[in-house]
Amino acid sequence: MASHTFVLLLLPFLFATAAAAADVAQGPTPQLSEANLTRILEKGEQYTTLLRLLNTTRVLDQLHGQLRDSYDGITFFAPTDSAFAKLSPGTLNALNDQDQTQLVLYHVLPRYYSLATFQTASNPLHTEASGPGGAYSVNVTTGTAAGSLVRVSTGVVAVPLSNTMLAEFPLAVYSLDDVLLPEQLFGGGKAATGKQASAPAPAAAARKKGAAPKSDVAAGPSAAEAPGMEEGDESSTNAAAERGSTVLAALALMVVVVNIVVA
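The sequence shown maps to residues -21 to -1, 1 to 242 in mature numbering (1 follows the signal peptide of the UniProt record, and there is no 0).
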């Protein structure tokens, strides 16, 4: 009788232990569902060209991996379809695959910046694009000029942030009405006015002589076909499986303890 009473007293403690184990297994998660860049851009409904570039250059996979593993987060500048349409015809065609990748990476800062932290950031800010001379950089200015709080300057163009699509660590996404053009690819001394009605010819064009023309990423795989699109869902599924295993282990331990006490 005493042993049964002891078991009844012990059961609440064991259940509490199992619940605590489940909480520990779950752990803190950095809102990866909200930080899925693909879904954010698809929801915006005006980033088809950007999504195709992200997929054909494989930068999308890289960014999803960084969002899972980085402690610093990511800031992403997202030019709209209209922004790409402002580029001179053939601008993207004139870039080889490597330079297209660098153009996309030029729109990525390797840490999370809210609008407030942009105000205290020290220029220049390194992007994830790089070349023989090192990392490509941008300068950020803040204020209320032209109705914009933040402007991003490349040395070729100065582009205001048009709106905030997401600003929750680990990911900040800001929409742009113009494409950021790095001097390393589009140098030519053009004034940084933020207007791209006639974008300068890319410096990489000379390296493309004799190359077969290709579509300006129009033939790239759609976002739905791109690998890595469901990485956030896969991570969530794996985390759920791990939590389930931990709870089962705790319950099994509880049964063993009860059997020992009863015996």
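We put the beta carbon where it would ideally sit given N, CA and C, even for glycine. Model, not experiment: these values are computed from the prediction.
Asked                                                                                                                                                 : Found
At what residue ranges does the stretch 84 to 155 contain a whole run of the beta strand (DSSP E), taking only runs of 3 or more?                     : 104 to 110, 113 to 121, 129 to 132, 137 to 147, 150 to 155
Can you list, in chain order, the residues of its chain whose CB lies under 6 Å from that of Asp60, leaving out five sequence neighbours each side?   : Gln25, Thr27, Thr28
For Asp54, which three-state DSSP category applies?                                                                                                   : A small correction: the amino acid at residue 54 is Thr; Asp does not occupy that position in the sequence shown. Note: Thr54 maps to strand in three-state DSSP.
Whose C-beta lies closer than 8 Å to the C-beta of Tyr91 among residues of the same chain, with five residues either side of it excluded?             : Asp51, Gly52, Ile53, Thr54, Phe148, Pro149, Leu150, Ala151
Please list the terminal residues of the continuous alpha helix (DSSP H) segment that includes Leu29.                                                 : 27 to 35
Tell me which residue opens and which closes the alpha helix (DSSP H) that Val38 is part of.                                                          : 38 to 48
Starting from Asp60, trace the alpha helix (DSSP H) both ways and give me its first and last residue.                                                 : 60 to 64
Since Glu162 is in the alpha helix (DSSP H), which residue starts that stretch and which ends it?                                                     : 162 to 165
My output table needs one value for Gly211: the three-state DSSP class, helix, strand or coil.                                                        : Reliability fails at Gly211, whose pLDDT of 40 lies under 50, so the model's placement of it is uncertain and the value that follows must be treated cautiously. If DSSP states are grouped into helix, strand and coil, Gly211 belongs with the helices.
How would you write the range of the alpha helix (DSSP H) that Glu21 sits in, first residue to last?                                                  : 16 to 23
Looking only at its own chain, which residues have a Cβ that is under 7 Å from the Cβ of Thr80, when we skip the five neighbours before and after it? : Thr36, Val38
For the candidate residues Ser49, Val131, Thr17, whose alpha-carbon lies nearest to that of Tyr85?                                                    : Val131
Nearest to Ala57 by alpha carbon, out of Ala114, Ser116, Thr143?                                                                                      : Thr143
Please classify Ala108 as buried or exposed, where buried requires at least 16 other C-beta atoms within 10 Å of its C-beta.                          : buried
How big is the Cα-Cα spacing for residue 243 and Gln45?                                                                                               : Residue 243 is absent from the structure shown; the chain starts at -21 and stops at 242.
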